[in-house]
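As structure tokens, the structure follows; a few thoughts come after it.
Protein chains: 2
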Amino acid sequence: MKKIMIKDMPQHIGETVKLGAWLANKRSSGKIAFLQLRDGTGFVQGVVVKEEVGEEIFATAKGLTQETSMYIVGEVKADERSTFGCEMNVTGIEVIHEAVDFPITPKEHGTEFLMDNRHLWLRSRRQHAIMNIRNEIIRSTYEFFNNNGFTKMDPPILTGSAPEGTSELFATKYFDEDAYLSQSGQLYMEAAAMALGRVFSFGPTFRAEKSKTRRHLIEFWMIEPEMAFVEFDENLEIQEQYVSHIVQSVLENCKLDLERLGRDTSKLENIKAPFPRISYDDAIKFLHEQGFDDIEWGDDFGAPHETAIANHYDKPVFITCYPVGIKPFYMQPHPERDDVVLCADLIAPEGYGEIIGGSERIHDYDLLKARLAEHNLDMDAYAWYLELRKHGSVPHSGFGLGLERTVAWISGTEHIRETIPFPRLLNRLYP
Amino acid sequence: MKKIMIKDMPQHIGETVKLGAWLANKRSSGKIAFLQLRDGTGFVQGVVVKEEVGEEIFATAKGLTQETSMYIVGEVKADERSTFGCEMNVTGIEVIHEAVDFPITPKEHGTEFLMDNRHLWLRSRRQHAIMNIRNEIIRSTYEFFNNNGFTKMDPPILTGSAPEGTSELFATKYFDEDAYLSQSGQLYMEAAAMALGRVFSFGPTFRAEKSKTRRHLIEFWMIEPEMAFVEFDENLEIQEQYVSHIVQSVLENCKLDLERLGRDTSKLENIKAPFPRISYDDAIKFLHEQGFDDIEWGDDFGAPHETAIANHYDKPVFITCYPVGIKPFYMQPHPERDDVVLCADLIAPEGYGEIIGGSERIHDYDLLKARLAEHNLDMDAYAWYLELRKHGSVPHSGFGLGLERTVAWISGTEHIRETIPFPRLLNRLYP
Ligand SMILES: [Mg+2]
Ligand SMILES: [Mg+2]
């Protein structure tokens, strides 16, 4: 008999199949038991009718506890009432392992309890749906960049120097040297773009920041594309196409997951390029008009400012051309103004905050050297980076998208800790 | 005018297009110059005819130095003599930035010099070809697992405990706690497989090993699939299908790269499932027959042993069922013998060594607990891992494929340092 996965059941209507599955939930009467089965690829209802299966199998079905594992056999039947489209008419159950007192029940649990049991919490419907959406964002990210001429290049995690100083970095001994865990692969991606043209990275990054907010993780994943011969405007166009692609892919391929999470998908359907742009200057004016008196030109935005700006739009919004003083050393100056740089942050709608930071990069050797000096950065450590501007330097741009913030936004998850399988937070290194 | 990428030129025959490009090489006479152009997506020849372009543009072309960057305009012409299928009849050149004394010339350079200049060395044809093959292996890896019901799940890099003891681990302070960089995400992937069924990870791993061989990197990338309800044999079948898929994908999509590297592709064409299997017992016998007297039953294989075994086959070969004493604590015992476990290493042909290690995992709570104790592992640190066997434990299996060794094999690259953009080796943390 064919062993199949739940997700493939709609292609086997009328066939008798075998599933490896766990019991997610059940209800039963004296004559019929309804088993909510999960196998990681989906959820399906198994119907066990006493008259059909006999006393013994029916007793087994009625006795199944939450998370008990089994091989279960039955006929796949179309079922229009279920969102999934089919159910299983069970004819046999072989229990593999009985679960006793599974700690995460359908009732409410405290956050710390759930976090301590993250290895089990992942089995719940809600976490399962979020992980499916995360997976679809990853899949469609590769699809987008592979289809648009990008090469995946992996920057190193262990580095001898830090892109923007050594604060908030995890340090380790690298044999006899000091090394740090990467906060961003961008500088390496610039070298890669000079070699491969259009490149992207997708890997973990680390920030030893003592923040404890619903938007911060200590370890998180970033997508960092970098493109030679691409200037400021084209950089934004690629970003809006990319973000549109992942949102539309999730809408298309994760319908059941979005429904399970109660996500208002009407807010996502509209997320198609182009996205609005507002300059930093105008954003400050707008905030003043809205009554914010806690910010002035030259300050960076806080979460309430970003939310107020984002709420003015029904799509992600680019805030462009920030003051040079609040942005990193490597950003290309505005061609007509020396007080702002050619950068943009992309702010997600609905209060989910910044999901992308990007800019055109300085390509002039002398200017970059001056900026390194102004920022008191170690010239030896950055020698290779500076040298990229010595040999056929070209205008180039790039950006970084934070995976977990994007998952939070698209899935409608309030706290970022649920958007990664095993979150690393302040005071949270287990499991 | 359309700005396009070199890789797309064959779709623009007869059109006048604009490229952003660097000069890789050139040769010229008094009347004609042949520019070897690169833009990261490919290499193409630009032909500059003095009579057609006039004195000024021709002088510019003749004066171009290696790695000078430019926008270059011309008509795309079909050219049957070139492997690429077309060339550019140049009509205009706008130099962006002149490269002076690019250090990596077509002549021979020492390894340390090339490694110090890795950020520039990546621009060479050979490195470009290897990176393309690496990219295709990554792309086809996602394709395989996405198409076969797997969910990408990212295990944490920072962990409070170590899968197999704390030797060879990089340590860091995680605020007030001690943390280590992951050598493998496997244990976390087992938890993920109990939640999502079939999962895979693909991320960096770290081994603080003082090895300096052509097969070892300190930081390398691993693909680690883990599958619930999958036992020993099915695990091997999935592995051979996966490896076949990436080899055939590279053959199909990286023809020019393989050619540039001089790879003997006849050795790759044959790499299709199924792969041969030999038991550890028989492998020891075979080695003795071949005259190896430096190994006996119970010893692990060294590189010369693996090569001798691999040379007996024209496909990768699974060596199965190793002695329990030389394998990690979590491997499922053989059902009929307590001296060997249900594991297999996959050895690549042509002396490229082990590319996969995998096994069925212990699913019985008591047995796993006993093994943890035998190995003196900290029960508190592994509590969550052990607990997976308490709630609906199921037979499950997984494996880990080393990306860089696989790139080395498929691309025919002798030393692993060329298979990753910025290699981390003993004494090599720069650039
Ligand atoms: Mg910001
Ligand atoms: Mg081995």
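In order, the protein sequence lines correspond to chains A and B.
Just so you know, we're using our numbering here: the first sequence kicks off at 1 and counts up by one.
Just so you know, we're using our numbering here: the second sequence kicks off at 432 and counts up by one.
Every residue gets a Cβ at the ideal spot worked out from N, C-alpha and C, and that includes glycine.
Exposed or buried, residue i, counting other C-beta atoms within 10 Å across all chains shown (16 or more means buried)?
| i | result |
| --- | --- |
| residue 229 of chain A | buried |
| residue 583 of chain B | buried |
| residue 620 of chain B | buried |
| residue 798 of chain B | exposed |
| residue 512 of chain B | exposed |
| residue 266 of chain A | exposed |
| residue 756 of chain B | exposed |
| residue 11 of chain A | exposed |
| residue 585 of chain B | buried |
| residue 448 of chain B | buried |
| residue 360 of chain A | buried |
| residue 453 of chain A | Because chain A spans 1 through 431 in this model, residue 453 of chain A falls outside it and cannot be assessed. |
| residue 100 of chain A | exposed |
Look up residue i in the DSSP assignment and give the residues it is bridged to.
| i | result |
| --- | --- |
| residue 394 of chain B | Because chain B in this structure spans residues 432 to 862, residue 394 of chain B falls outside the shown range and cannot be described. |
| residue 171 of chain A | A:180 |
| residue 583 of chain B | B:631 |
| residue 650 of chain B | B:637 |
| residue 18 of chain A | A:3, A:73 |
| residue 131 of chain A | Paired residues: none, contrary to the question. |
| residue 401 of chain A | A:223, A:356 |
| residue 347 of chain A | A:317, A:354 |
| residue 519 of chain B | B:477, B:507 |
| residue 864 of chain B | It is not possible to answer for residue 864 of chain B, since the shown part of chain B is limited to 432 through 862. |
| residue 323 of chain A | A:340 |
| residue 764 of chain B | B:772 |
| residue 528 of chain B | B:500 |
| residue 589 of chain B | B:612 |
Could you pull out every residue in the same chain whose Cβ sits closer than 6 Å to the Cβ of residue i, ignoring the five residues on either side in sequence?
| i | result |
| --- | --- |
| residue 816 of chain B | 618 |
| residue 395 of chain A | 231, 363 |
| residue 813 of chain B | 803 |
| residue 459 of chain B | 493 |
| residue 242 of chain A | 144 |
| residue 836 of chain B | 786 |
| residue 1 of chain A | 18 |
Distance check for residue j and residue i, CA to CA, integer angstroms please.
| i | j | result |
| --- | --- | --- |
| residue 623 of chain B | residue 508 of chain B | 53 Å |
| residue 248 of chain A | residue 87 of chain A | 28 Å |
| residue 410 of chain A | residue 351 of chain A | 12 Å |
| residue 850 of chain B | residue 629 of chain B | 28 Å |
| residue 22 of chain A | residue 68 of chain A | 5 Å |
| residue 302 of chain A | residue 733 of chain B | 57 Å |
| residue 480 of chain B | residue 462 of chain B | 6 Å |
| residue 690 of chain B | residue 681 of chain B | 12 Å |
| residue 51 of chain A | residue 25 of chain A | 22 Å |
| residue 290 of chain A | residue 281 of chain A | 14 Å |
| residue 62 of chain A | residue 73 of chain A | 16 Å |
| residue 633 of chain B | residue 654 of chain B | 4 Å |
| residue 172 of chain A | residue 156 of chain A | 14 Å |
| residue 610 of chain B | residue 113 of chain A | 22 Å |
| residue 855 of chain B | residue 529 of chain B | 31 Å |
| residue 524 of chain B | residue 343 of chain A | 29 Å |
| residue 355 of chain A | residue 246 of chain A | 13 Å |
| residue 252 of chain A | residue 607 of chain B | 44 Å |
| residue 53 of chain A | residue 626 of chain B | 29 Å |
| residue 111 of chain A | residue 212 of chain A | 14 Å |
| residue 469 of chain B | residue 739 of chain B | 41 Å |
| residue 348 of chain A | residue 376 of chain A | 34 Å |
| residue 66 of chain A | residue 117 of chain A | 16 Å |
| residue 296 of chain A | residue 346 of chain A | 20 Å |
| residue 475 of chain B | residue 237 of chain A | 27 Å |
Between residue i and the rest of its own chain, which residues show a CB-CB distance below 7 Å, the 5 nearest in sequence each way excluded?
| i | result |
| --- | --- |
| residue 210 of chain A | 426 |
| residue 685 of chain B | 563, 564, 567 |
| residue 408 of chain A | 352, 416, 419 |
In its own chain, which residues sit with a C-beta less than 8 Å from the C-beta of residue i, not counting the 5 before and 5 after it?
| i | result |
| --- | --- |
| residue 553 of chain B | 559, 562, 852 |
| residue 365 of chain A | 386, 389, 390, 393 |
| residue 743 of chain B | 717 |
Length-filtered (4 minimum) alpha helix (DSSP H) runs lying within the segment 671-720 of chain B: If we require 4 residues or more, the alpha helix (DSSP H) runs fully inside the segment 671-720 of chain B come out as 686-691, 697-700, 711-720.
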